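Residue numbers (this note's numbering), protein chains in the order written: chain R, 3 to 387; chain Y, 3 to 387.
Note that beta-carbon positions come from the ideal geometry of N, C-alpha and C, so glycine has one too.
Owing to the predicted nature of the structure, the values given are computational and were not obtained by experimental measurement.
Okay, structure first, notes after.
Protein chains: 2
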Amino acid sequence: MCTCGAPLLVNYDLEGVKKNLSPEDLKERTNTLWRYHELLPVEDEDNMVSLGEGMTPLVSLPQLGKDMSMKNLLMKDEGLIPTGTFKARGAAVGVSKAKEVGVKELAMPTNGNAGAAWALYASRAGLQSTVVMPDDAPKITRNEVASSGANLYLVNGLISDAGKIVGKAVKDHDLYDASTLKEPYRIEGKKTMGLEIAEQLNWKMPDVILYPTGGGVGLIGIYKALNELKEIGWVVGKLPRLVAVQATGCAPIVKAWEEGKSDSEFWNESETLAFGINVPKALGDFLVLDAIYKTDGCAIAIDDESMVQEQEKVARLEGSFVCPEGAAAFVATRRLREQGWIQEEETVVVLNTGAGIKYPDTVQVNPEMLEKDDVIRRVENVINK
Amino acid sequence: MCTCGAPLLVNYDLEGVKKNLSPEDLKERTNTLWRYHELLPVEDEDNMVSLGEGMTPLVSLPQLGKDMSMKNLLMKDEGLIPTGTFKARGAAVGVSKAKEVGVKELAMPTNGNAGAAWALYASRAGLQSTVVMPDDAPKITRNEVASSGANLYLVNGLISDAGKIVGKAVKDHDLYDASTLKEPYRIEGKKTMGLEIAEQLNWKMPDVILYPTGGGVGLIGIYKALNELKEIGWVVGKLPRLVAVQATGCAPIVKAWEEGKSDSEFWNESETLAFGINVPKALGDFLVLDAIYKTDGCAIAIDDESMVQEQEKVARLEGSFVCPEGAAAFVATRRLREQGWIQEEETVVVLNTGAGIKYPDTVQVNPEMLEKDDVIRRVENVINK
Numbered sequence: 003m004c005t006c007g008a009p010l011l012v013n014y015d016l017e018g019v020k021k022n023l024s025p026e027d028l029k030e031r032t033n034t035l036w037r038y039h040e041l042l043p044v045e046d047e048d049n050m051v052s053l054g055e056g057m058t059p060l061v062s063l064p065q066l067g068k069d070m071s072m073k074n075l076l077m078k079d080e081g082l083i084p085t086g087t088f089k090a091r092g093a094a095v096g097v098s099k100a101k102e103v104g105v106k107e108l109a110m111p112t113n114g115n116a117g118a119a120w121a122l123y124a125s126r127a128g129l130q131s132t133v134v135m136p137d138d139a140p141k142i143t144r145n146e147v148a149s150s151g152a153n154l155y156l157v158n159g160l161i162s163d164a165g166k167i168v169g170k171a172v173k174d175h176d177l178y179d180a181s182t183l184k185e186p187y188r189i190e191g192k193k194t195m196g197l198e199i200a201e202q203l204n205w206k207m208p209d210v211i212l213y214p215t216g217g218g219v220g221l222i223g224i225y226k227a228l229n230e231l232k233e234i235g236w237v238v239g240k241l242p243r244l245v246a247v248q249a250t251g252c253a254p255i256v257k258a259w260e261e262g263k264s265d266s267e268f269w270n271e272s273e274t275l276a277f278g279i280n281v282p283k284a285l286g287d288f289l290v291l292d293a294i295y296k297t298d299g300c301a302i303a304i305d306d307e308s309m310v311q312e313q314e315k316v317a318r319l320e321g322s323f324v325c326p327e328g329a330a331a332f333v334a335t336r337r338l339r340e341q342g343w344i345q346e347e348e349t350v351v352v353l354n355t356g357a358g359i360k361y362p363d364t365v366q367v368n369p370e371m372l373e374k375d376d377v378i379r380r381v382e383n384v385i386n387k
Numbered sequence: 003m004c005t006c007g008a009p010l011l012v013n014y015d016l017e018g019v020k021k022n023l024s025p026e027d028l029k030e031r032t033n034t035l036w037r038y039h040e041l042l043p044v045e046d047e048d049n050m051v052s053l054g055e056g057m058t059p060l061v062s063l064p065q066l067g068k069d070m071s072m073k074n075l076l077m078k079d080e081g082l083i084p085t086g087t088f089k090a091r092g093a094a095v096g097v098s099k100a101k102e103v104g105v106k107e108l109a110m111p112t113n114g115n116a117g118a119a120w121a122l123y124a125s126r127a128g129l130q131s132t133v134v135m136p137d138d139a140p141k142i143t144r145n146e147v148a149s150s151g152a153n154l155y156l157v158n159g160l161i162s163d164a165g166k167i168v169g170k171a172v173k174d175h176d177l178y179d180a181s182t183l184k185e186p187y188r189i190e191g192k193k194t195m196g197l198e199i200a201e202q203l204n205w206k207m208p209d210v211i212l213y214p215t216g217g218g219v220g221l222i223g224i225y226k227a228l229n230e231l232k233e234i235g236w237v238v239g240k241l242p243r244l245v246a247v248q249a250t251g252c253a254p255i256v257k258a259w260e261e262g263k264s265d266s267e268f269w270n271e272s273e274t275l276a277f278g279i280n281v282p283k284a285l286g287d288f289l290v291l292d293a294i295y296k297t298d299g300c301a302i303a304i305d306d307e308s309m310v311q312e313q314e315k316v317a318r319l320e321g322s323f324v325c326p327e328g329a330a331a332f333v334a335t336r337r338l339r340e341q342g343w344i345q346e347e348e349t350v351v352v353l354n355t356g357a358g359i360k361y362p363d364t365v366q367v368n369p370e371m372l373e374k375d376d377v378i379r380r381v382e383n384v385i386n387k
C-alpha cells in the first residue's frame with residue numbers, strides 16, 4: 003500500500019505491449035489466464051503458480067434471456083476454476099507475485115472463498131499461510147483451508163473482525179498482508195475476467211456487465227482491464243456500463259451510489275446468505291464507485307429471498323447451478339431490464355462468481371422417500387419416441 | 003441395449019474421419035469436448051447441449067511426484083467442469099443425443115453426481131428427468147437435482163436398489179432409461195477424457211492412466227478413445243496401462259482381476275466414503291476387465307483411511323483439493339510405484355474425477371476459535387523479505 007494508506011495499482015508499459023503483441027498471438031497459448039502474461043505482474047515464468055485457472059466459459063442463456071425479454075444474455079461461469087470460485091484468479095496471480103518477491107508466509111481475513119483459494123495456491127507455491135475467517139463462513143471453505151496446511155483460525159464475528167486480528171498478526175509476526183487491496187496483485191488476477199470477456203466476444207465489448215460486489219476487486223479489475231485493452235487498441239468505443247450488485251442486508255456501495263457519494267460508509271449489522279458479498283466496508287469502495295460513475299453504470303441491492311428463487315430459475319431454465327452471489331446478479335439483470343435500464347437487444351454479461359455446490363445449505367429440499375420395493379406412482383405416462 | 007441385454011457401443015466411419023480431419027484443425031475450435039464432434043454421436047449442431055464442459059487442465063504435480071519418487075506425475079482435473087465432476091461429460095453427450103432422438107423424459111439411478119449432471123443438462127436441453135438416489139448420497143447432489151426441476155426420489159438402500167425402482171418406472175411410464183450403459187452415448191462423452199489427454203500431451207500417450215472405478219464407463223471410454231485415435235493415425239504405439247482403482251469396501255473388479263476372471267460378482271454390503279465408486283456390480287464390468295487385460299493394466303483396492311490421508315497430502319503439496327475417489331487413485335499410484343509396477347521415469351496420468359468441495363463431510367477440522375479482540379499467538383516470527 004501507499005504510505006498514505008491507499009491501495010496501489012500496477013501500471014504496465016502499454017506502448018510496448020501494443021508494439022509487440024497482437025490478439026493473433028494468443029491463439030497458440032495456454033488456455034489459462036497466463037495467456038495474458040504481458041498484462042500481468044509476474045516476470046519470471048518459473049514463478050507462475052498455476053492449477054489451470056482461467057478461460058472459464060462465456061455461456062449463452064437463451065431460455066433465461068427469453069424469460070427476461072433479453073436477446074443476448076451471457077454468463078461468465080466462474081464456477082469452473084480451481085476452488086470453484088473466481089477468487090482463484092486473484093490467488094493465482096497474487097501468490098505468484100508474492101513468491102516472486104520472496105514472501106515466506108502470507109496472512110489474510112476471508113469470508114471463506116478467498117481464504118480457500120489463497121491457502122491452496124500458497125501450498126502449490128510452497129508458501130505458508132495464516133487465514134482468519136468468521137465462524138459461520140461456509141464449512142467447505144474451512145475444509146479447503148485446513149487441508150492446505152494453512153494456519154486456520156475462526157473468529158466469533160465478521161470479516162472486519164477477522165481483518166483486525168490479521169492486521170495485528172501481520173505486525174506481530176512479520177507476515178505478508180494479502181488482505182483485499184493491501185497488496186496490488188490480486189486485482190491483476192481478477193482483471194483477467196475482463197480480458198477474457200473481451201477475447202471471448204472476439205474483442206468486442208458487451209453493453210453491460212453485472213458483478214456481485216463485496217470487496218469489489220473484480221469490478222475494479224474488469225474496469226482496469228478494459229481500459230488497458232483500449233490503450234493497446236484491441237477494443238474500441240464506449241466501455242460497458244458496470245453494475246455493482248449487492249445484498250439488501252449489506253449494501254454500502256449501493257447507498258453511496260444512490261447518494262452520489264465517492265466513497266461508502268460502514269454498514270452496521272450486515273447480513274445475507276450470499277456470504278461472499280457480506281463486506282460492510284470495502285477498502286476500494288471509491289474505485290468501485292468511480293468505475294460505476296465513469297461508465298454510466300449503477301448499483302442495485304437484492305434481497306436474499308429473490309436470490310434463492312432466481313438460483314432455482316437459472317437451474318431450471320439453463321441447467322446451471324449458480325452461487326447465491328451469481329443469482330443476485332441475475333435478479334439485478336431482471337430488475338434493470340424491467341425498469342428499461344437494460345434494453346432488449348443489448349449484450350449483457352453476468353458474472354457467476356462461483357459454483358452453487360459450495361453452498362450446500364442454501365437450497366431446501368424435501369424429496370419423497372422410497373423403500374427398496376416401492377414403485378414410482380404418477381398420473382400420466384410420458385410419450386417418448 | 004442389445005435385445006440380448008448387453009450394452010451397445012457406437013462405431014464411427016473412422017476412415018472418413020482420417021481423411022477429412024487433422025489435429026491441426028482442432029486449434030481453431032471451441033475449447034469444449036465438442037471440438038471432437040466428428041468422434042461424437044450428435045449429428046445436428048443444434049442438439050449439442052453445452053455449458054462449457056471439457057478441456058479440463060492436465061496439471062503437472064512435481065511435489066507430489068517427488069514424494070512418490072516419480073518424475074512425470076500428471077493430474078487430469080475433472081473438478082473444473084459444470085457440476086464439479088466428470089459426470090458432466092457423459093451427461094452433455096448423453097442428453098444431447100437423447101434430445102436428438104426425440105426423448106421427452108429420461109430416468110436414472112445415481113450415487114449423486116451422475117444424477118446431478120444429467121438432471122441439470124436435461125434442463126438445459128428442455129427435457130424432463132426422474133432421478134432416484136440413495137438417501138445417504140451427498141446432500142449437495144440432492145440440491146442440484148432438485149434445483150434442476152427433476153422428479154427426485156430418495157431410496158432407503160443402495161444404487162442397485164435405486165436401479166430396480168428406475169427399471170420399473172421406465173416400463174410403467176415409458177421413460178428413456180439413462181442408467182449406466184443402458185444407452186450407448188454416455189460412454190462417448192466420457193471418452194473425451196482420453197481424447198483430451200492425448201491432445202494435451204501433443205498426441206503422445208502416457209505410460210499409465212489410473213482411474214477411480216465404479217461403473218467404469220470412463221475407463222471403457224478412455225480405452226475406446228485411444229483405440230479410435232490409433233485407427234485414425236493420430237497416436238501410435240502401445241496403449242497406456244489402464245488401472246482400475248476401487249475401494250476396499252467395494253472392489254468387485256479388483257477381485258475379478260485378481261482371479262483372472264472376465265466379469266465380476268455382486269459385492270455384498272459395499273461401503274466406502276468415496277461414494278462415486280460404491281457400485282457393487284457394474285453392467286460393463288467385462289469391458290473394464292477386457293481393457294485392463296488388453297493393456298497389461300491392473301486393478302487395486304484402497305482403504306478409506308488412506309484416501310483421506312492422501313487427499314490432505316495432495317492439498318498440502320500441490321494446492322489441489324481433490325475428491326476422495328481421486329485421492330484413491332493417488333494412493334494407488336503411490337502403492338504401484340512402491341511395488342515397482344510404475345517406474346520412476348514413466349508418464350502417469352491420474353484422473354481426479356471431481357472437486358473435493360462436493361464432499362463437505364470427508365474432512366474433519368477443529369481450528370482454534372478466537373474472540374473479536376484476540377490476537378494470534380505463535381512461537382516464532384516469519385522472516386519475510
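Residue-level contact by beta carbon holds for L154/Y and chain R, with a gap shorter than 9 Å. The Cβ of I167/R sits closer than 9 Å to at least one Cβ of chain Y.
Taking one beta carbon from each stretch, the region 343-353 of chain Y and the region 103-119 of chain Y have fewer than 3 pairs nearer than 8 Å; the two do not touch. Interface flag for R336/R against chain Y is unset, since no Cβ pair is found closer than 9 Å.
Taking C-beta atoms as the reference points, G286/R and T355/R fail to come closer than 9 Å. The alpha-carbon of K78/Y is positioned some 39 Å away from that of D163/R. Three or more Cβ pairs drawn from the region 240-255 of chain R and the region 300-320 of chain R lie within less than 8 Å of each other, which places the two stretches in contact.
At a cut-off of 9 Å between beta-carbon atoms, V377/R makes contact with chain Y. The three-state reading of DSSP puts R337/Y in helix, counting H, G and I together. When rounded, the separation of the alpha-carbon atoms in A293/R and V210/R is 13 Å. Relative to V290/R, the option among I359/R, M57/R, T215/R whose CA is nearest is T215/R. At least 9 Å separates the CB of T112/Y from every CB of chain R. Remark: C-beta atoms of A357/R and G86/R approach each other more closely than 9 Å.
9 Å or more divides the Cβ of K360/Y from the Cβ of N113/Y. In the three-state reduction of the DSSP assignment, E107/R falls in the strand class, which pools E and B.
With contacts defined as CB atoms closer than 9 Å, G117/Y and A94/Y fail to qualify as a contacting pair. Contact check for P208/Y against I199/Y passes: the beta carbons are separated by less than 9 Å. Counting only unbroken stretches of 3 or more residues, the beta strand (DSSP E) elements lying wholly within the region 73-137 of chain Y are 74-79, 107-111, 130-136, in sequence order. Residue environment: P111/R is assigned as buried (16 or more neighbouring CB atoms within 10 Å of its CB, all protein chains considered). In this structure, G81/Y lies away from L75/Y, with their beta-carbon atoms at least 9 Å apart.
Scanning its chain for C-beta atoms nearer than 7 Å, with the 5 sequence neighbours on each side dropped, one finds around L63/R the residues L75, L76, M77, E320, in chain order.
Spatial neighbours of A121/Y in its own chain (CB-CB distance under 6 Å, excluding positions within 5 residues in sequence) are listed in chain order as S131, V133, V147, S150, A152.
Contact of N158/Y with chain R by beta-carbon distance below 8 Å involves M371, L372, E373, K374. Each residue's CA atom was taken as its position, placing K315/R and V324/R some 10 Å apart.
Between V384/Y and D176/R, the gap from beta carbon to beta carbon is short of 9 Å.
Inter-segment contact for the region 269-277 of chain R and the region 232-242 of chain R is absent: fewer than three beta-carbon pairs are separated by less than 8 Å. For Y38/Y, no CB of chain R lies under 9 Å from its own CB, so it is not counted at the interface with that chain.
Residues of the region 122-143 of chain Y with a Cβ closer than 8 Å to any Cβ of chain R, in chain order: L122, Y123, A124, S125, R126, A127, G128, Q130, T132, V134, D137, K141, I142.
Under the three-state reduction of DSSP output, I302/R falls in the strand class. Remark: three or more beta-carbon pairs, one from each stretch, lie closer than 8 Å, so the region 49-56 of chain R and the region 25-35 of chain R are flagged as touching. Leaving aside the five residues that flank A119/Y on each side, the residues in its chain whose CB is nearer than 6 Å to its CB run, in chain order, T85, K89, A90, A93. Where A152/Y is concerned, there is no enclosing beta strand (DSSP E), because DSSP gives it neither an H nor an E. Between the beta-carbon of V219/Y and that of T182/Y there is about 6 Å, and that keeps the pair under the 8 Å contact cut. Per DSSP, M57/Y is not a residue of any beta strand (DSSP E), being assigned neither H nor E. Think of a sphere of 8 Å around the beta carbon of K170/Y: the chain R residues whose beta carbon falls inside it are V377, I378, in chain order. For V19/R, the three-state secondary structure derived from DSSP is helix.
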